[in-house]
Amino acid sequence: MSARERLAAQDAQLERLGAGVDRIRNLGETMHDETRQQLGLLDQLEGDVDKTTSGIREETKHAEDVAVSGQTFYMYVCIAILILVMVLELIIGLQ
Numbered sequence: 001m002s003a004r005e006r007l008a009a010q011d012a013q014l015e016r017l018g019a020g021v022d023r024i025r026n027l028g029e030t031m032h033d034e035t036r037q038q039l040g041l042l043d044q045l046e047g048d049v050d051k052t053t054s055g056i057r058e059e060t061k062h063a064e065d066v067a068v069s070g071q072t073f074y075m076y077v078c079i080a081i082l083i084l085v086m087v088l089e090l091i092i093g094l095q
């Protein structure tokens, strides 16, 4: 093989190597763009999860308040009924 042929073969190999490097660079840029897009989506998802968590906490507190107020209501109803029974017993007892 002559020096010219070796140089031509080396040039061809360098061209193939350069094309491979270009493909790898393009893949790297594509991966970078995709990663940035995914990070944006993850940030948005994190905000949505935080908002949902806050809403769930508020609704849990509201449900607890409703449960307590419901129990208090029934307690007052029982007290009113007992007072009514006592008044009726007093009226019946005085006759």
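Going by the UniProt record's numbering, the letters in the sequence shown line up with residues 1 to 95, in that order. Note that the Cβ used here is the ideal one computed from N, Cα and C, for glycine as well. Because the structure is a prediction, the values reported are computed rather than measured.
Look at the alpha carbon of residue i and the alpha carbon of residue j, and state the distance between them as a whole number of angstroms.
i, j, result
"residue 32", "residue 15", "25 Å"
"residue 5", "residue 13", "12 Å"
"residue 79", "residue 62", "26 Å"
"residue 11", "residue 18", "10 Å"
"residue 68", "residue 76", "13 Å"
"residue 56", "residue 85", "43 Å"
"residue 91", "residue 81", "15 Å"
If you drop the 5 nearest sequence neighbours on each side, which residues of the same chain put their C-beta closer than 8 Å to that of residue i?
i, result
"residue 93", "none"
Length-filtered (3 minimum) beta strand (DSSP E) runs lying within the region 65 to 93: none
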